[in-house]
Each structure stands twice: as C-alpha cells, then as structure tokens.
Amino acid sequence: MAKVLTRLAAGAALAGALTVGSLGGTAFASPQPAPTAAAPAAAFPPIVDNAVDVADADYAALLQKSRSVPVVLEMSSQGCQPCEQLAPVLTGKAKNDAGKWLLARVDVGKDPVIRQAYGSPWTPTLIALKDGKEVGRHTGYNNNSYGVENWIDTFVQGKPLPPDPTTKSIGPDFDFGDLLATSQGRVVVTYFGRNLPDPESKVLEKISAEGKGKFLVALADEAKVPDVVRDQGMAGKRGVIAYYHGVPVNQTSVKDEASLRAWITTVTTTHYPDHPEGTRNEVYLSDEKELDEVLAYSQNTPVVMEIGTRWCYYCNLLSPIASRAAAKADGSWLLVHVDADELPGIADKYHVRGYPTTVVISKGAEIKRFDGLAWKTANELLTEVNQLIGVPVQQTANGSSGAVTQSRRNSTGTVVQSADDSSGNVTQLARDSKGVVTQSADKTTGEVRQDASGSSGRVVQQADGAGGQVIQQAKNAKGPVHQD
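For the sequence shown, the working numbering assigns the number 6 to the initial residue and increments by one for each residue that follows.
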C-alpha cells in the first residue's frame, strides 16, 4: 500500500496529414483514451439511412465527404447517458431529412484520434463539417431536442452557426455540477458577485469570447444562487476562481482589465496534472497494480471505488459529489477514483457495463455496487454508504432554518461531531467514557453549554430554541426529560 499511502499523505494509419489539436496546449492536456473500450455496451440504436459509424481510419474520407454534403460528426461514448438520450434524436432527424446531411458517429473510447483532432471534447459533442473544416459545434445534451434539431437546420441551410457559449450563468440550466463537469475538459473561470452583470463580469465575458472556447466563464450571482456561493467560501465577497479537473486551481480578487487578462493567461497556460494527488480521504489510481494495495487496505477500512471516464458526463457530475462525501466521512472509508480508459483492466475485473459505476468494497470483496448517478448530493452518498458499512448516522432538524444536521459515530458508537450545515451554531458534542453527553459548543457565540443525561446517556432530540440556537434535551433511563 506504500504507493497509495504516499499519495494519501501528500494529500490503421490516416490518409494525409492530420493535425492533432488540444485545448490551449499543455494547459489543457487530456489523457488519451485507450483504443479499446473497457466496458462494451450496445447502447446506441441501429444506424439508419444517412447515418454511418466511423473510425479513425475513415477520418480522411469523412473530411472529403464533407465537401459534397454537410456532415454532423457525433462524438459519443458507451456508458454516456446523455449520448444515449441524444442518439435517437439524431438518427431520427437524419432519416427524416432524407439525405440533406450525413450523420457520422464515432465512439471516442474505441477511436480516440478523431476526438483528439477537435481538442478532446467531453461527450456528447456535435461537430459541423463543411468543405473539410469545422464550422461550428454543439456541446452536451440536456434533453432539448428542439435546440439540437434547430442547430442542425441552421447548419444545413448554410447559415452561420452561433458559437458554443463562452459564458454561462449558474442556475437551473447550468448548475455547479455542470460547471465541474465542464472543467474536466477546459478551465472554467468562475466570477462570484451579487446582482450580475456588473462591469467586472462584462470584462470577463469579453475576454472569454475572444478566447473562442479556450476557457469558459461562469457567473455565480449570490442573489440567485446563494448556496453555491456560500459553499465555495465566497459569501459576501467578489472574486474569481479557476476550476480544472473538478477542483479549484487558482483564485484572484477582482482587478482591472489588464490584471484580469494577465491572470487568465496564467491559468490557461499553466500545466495542471491530469489527476490531483488526492487527500487522506481519497486517491486516484494510476496503475492497475495498485488495485492489490486498495484491496489490502480494505481489510481494515472500507473502500468506495468510483469507476468512470473523462468523457462521461455523469461521471464528471458524480466525482466531486463523491469527493465531498469522502471529506465528510473523515476516514470512515476511502474513496478511490479509477479512470477506465487509463485502467481498463480494473473495469473488466468488476464487469463494468456502463459509467459511472460505484463499487463498495470491504475486506477485499465487493459488497454492493451502484450504477449511474445514484446520488445527487454528497449527503445522500454519505448516508447510504455509511449505512451500508455500518457507520450509524443520526439526523436532527434545526426548526428555525430547516437545516438537517448530522452526528457521526465512530466504531465504538461515540458521537464525535455534530454540525449545523446552515447556521454552524452547534459544532461539537463530546461524550465521556460512559457515553454521557458532557459538552456542546456554540460556534457563533463561543458559549459552552453543559448537557447532562441520566444512566443511558442517550440524546433523543435536538430542537431549535426561540433564539434560533440548537439546544440539547437528554433523557434518563426512565425516559423523562430532566434537563435542557
């Protein structure tokens, strides 16, 4: 386990010349998917008239074909749920349009060279090809079939295609999970402020438009998405954070345009590692041999293994959720990230048939698996995994705010922490060796209140007092409340 523990402690040739592009050079280096898919699954509908499957060896011929008929190149991947949802929309459109354009589908897991030629975008991505060149692209799919069909019609009619958005506002149509997913393929520069747009956000929008997709600007308006702003530690502040591979990589205060341009140049030309090194709560495997170390580690500490790929939309949503859950678990279990393109043998060993797949391992054996995006929040994942591995989680409600707090017990059943995720008022509970609640601390005022219990020491209720603070009620062995 030495290698993993070290990271825990540290926290068919193509015809003609083909230029393999990248998003902004080394700053956007992406792992090259293995030529063979780790998890085959016949997820796509049959190809119909005016729709073909293409491979890397067909690329030169495909470019030539685009000189006589408009081509929509569909970059998809097995196990990608948005790809599966988009596929019938495209095949139906191609069939109905009866030869006005050609749909060319490529599985980027099997044929990575075509994907690399367009900057290794995440899937699904549509590339409009005319006269051998890209004239536009459409990234992602959110069940808006009309939008996709309208985009194709605009292309086929020879009209200019709108550029892929270079600025997005965080909200219902683009939430923070979407932001983190997008950051797997390119830097996302996120501006935090209130009552946007303001002069600074407009400057960032202008710089992003000039970059033509090299990076994305996301706007987080505290008046509209206060939870997102608070969770990123930016409540009541104005500032800019750059995210890449789902994590913040650089941050700056709001500055003048020249300073912002210089900062953006820095964050978009810095070479960031393909994987973070991990923390004491999670690791990123880089070699299939490390699986043996993980299984040995699971003899004493359960392991939650997340298996996915960089191009899988839902994998990119799940990964940060799992990371936040692992941080909250605080050592109760270890999160292990596996990139199936880089480590296909691990996906094969666990018979993965779609992404993401989450496998819970204890004492070297799988005890349960979850397919797809099984949880929407870190608390959902944490609660289910803790229940599965036998870590009791108690929940109480703060009446004034409606916030749900959690108490985590260690292996002996001792309550070691209780946190109010809304107000932060109750931050710790301590029990003595008999399990009696001896102290609680008010984070806001610093006031320490003594809570005593009878022979059972069992805390049975947490209620919100008139002042909005969480107070304790304890019962003795016979049940009556004897002290608040």
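Don't be surprised by glycine CBs; every beta carbon is placed ideally from N, CA and C.
Asked                                                                                                              : Found
Given 8 Å, three or more beta-carbon pairs between the segment 241–251 and the segment 287–295                     : no
Burial state of Lys381, where buried means 16 or more other Cβ atoms lie within 10 Å                               : exposed
Rounded straight-line distance, which links the Cα of Glu205 to that of Asp261                                     : 8 Å
Coarse secondary structure for Ile394, derived from DSSP in three states                                           : helix
Segment limits, alpha helix (DSSP H) that includes Gln256                                                          : No alpha helix (DSSP H) contains Gln256, which is instead part of the beta strand (DSSP E) from Val252 to Ser258.
CB of Val193 within 8 Å of CB of Leu201, strictly                                                                  : no
Other residues of its chain near Lys98: CB distance less than 7 Å, five sequence neighbours each side excluded     : Glu154 and Ile157
Span of the beta strand (DSSP E) around Asp344                                                                     : Leu339 to Asp344
Euclidean distance between Cα positions of Leu67 and Asp58                                                         : 11 Å
Exposed unless 16 or more other CB atoms sit within 10 angstroms - verdict on Ala352                               : buried
N- and C-terminal bounds of the beta strand (DSSP E) containing Ala225                                             : Leu221 to Asp226
Residue environment, Glu215, which counts as buried when at least 16 other CB atoms sit within 10 Å                : exposed
Secondary structure of Glu293, DSSP reduced to three states                                                        : coil
Selected residue, minimal CA-CA separation from Tyr64, among Met310, Pro117 and Ser328                             : Pro117
Test item: CB-CB of Ala109 and Leu131 under 8 Å                                                                    : no
Per DSSP, cross-strand counterpart(s) of Ser367                                                                    : Ala370
Cβ-heavy atom distance, Asp116 to the ligand MG, below 7 Å                                                         : Judged by which ligands are present, the structure shown has none, so any question about the ligand MG falls away.
8 Å contact criterion, which Gly182 and Lys229 should meet: CB distance rounded                                    : 16 Å between Cβ atoms; not a contact.
Close-in-space but distant-in-sequence residues of the same chain around Ala383 (CB under 7 Å, 5 per side omitted) : Ile326, Arg329, Ala330 and Lys333
Nearest-angstrom Cβ-Cβ length linking Val376 and Gly395, presumed shorter than 8 Å                                 : Note that residue 376 is Asp in the sequence shown here, rather than Val. Incorrect: roughly 23 Å between the Cβ atoms, too far for contact.
For Ser206, three-class secondary structure by DSSP                                                                : helix
Contact under 8 Å by Cβ, Val94 with Leu134                                                                         : no
Asp376 in three-state terms, based on DSSP                                                                         : strand
Pair within 8 Å by beta-carbon distance, Glu287 and His342                                                         : yes
Rounded straight-line distance, which links the Cα of Trp268 to that of Leu166                                     : 30 Å
Candidates Pro170, Leu300, Thr362 and Gly369: closest to Gly4 by CA position                                       : Only positions 6 to 489 of the chain appear in the structure, and residue 4 is not among them; the question remains open.
Assigned exposure category for Glu385 - 16 Cβ within 10 Å defines buried                                           : exposed
Rounded separation between Leu5 and Gly350 - CA only                                                               : An answer regarding residue 5 cannot be provided, because it is not within the stretch 6 to 489 covered by the chain.
The alpha helix (DSSP H) enclosing Tyr151, as first and last residue numbers                                       : Ser150 to Val161
First through last residue of the alpha helix (DSSP H) which encompasses Ser191                                    : Correcting the residue identity first, residue 191 is Arg in this sequence and not Ser. Looking at the DSSP string, Arg191 is not in any alpha helix (DSSP H), and its letter there is neither H nor E.
Where the beta strand (DSSP E) containing Arg142 begins and where it ends                                          : Lys138 to Thr144
Nearest-angstrom Cα separation, counted from Arg191 out to His276                                                  : 12 Å
Distance between Phe160 and Leu310 (C-alpha atoms, nearest Å)                                                      : This sequence places Met at residue 310; Leu is not what is there. Straight-line Cα distance between these residues: approximately 42 Å.
Coarse secondary structure for Glu385, derived from DSSP in three states                                           : helix
Reference Leu387; option with closest CA among Asp344, Glu371, Val365 and Ala370                                   : Val365
Same chain, Cβ closer than 7 Å to Ser71, five either side skipped, listed in chain order                           : Leu134, Lys135, Asp136 and Gly137
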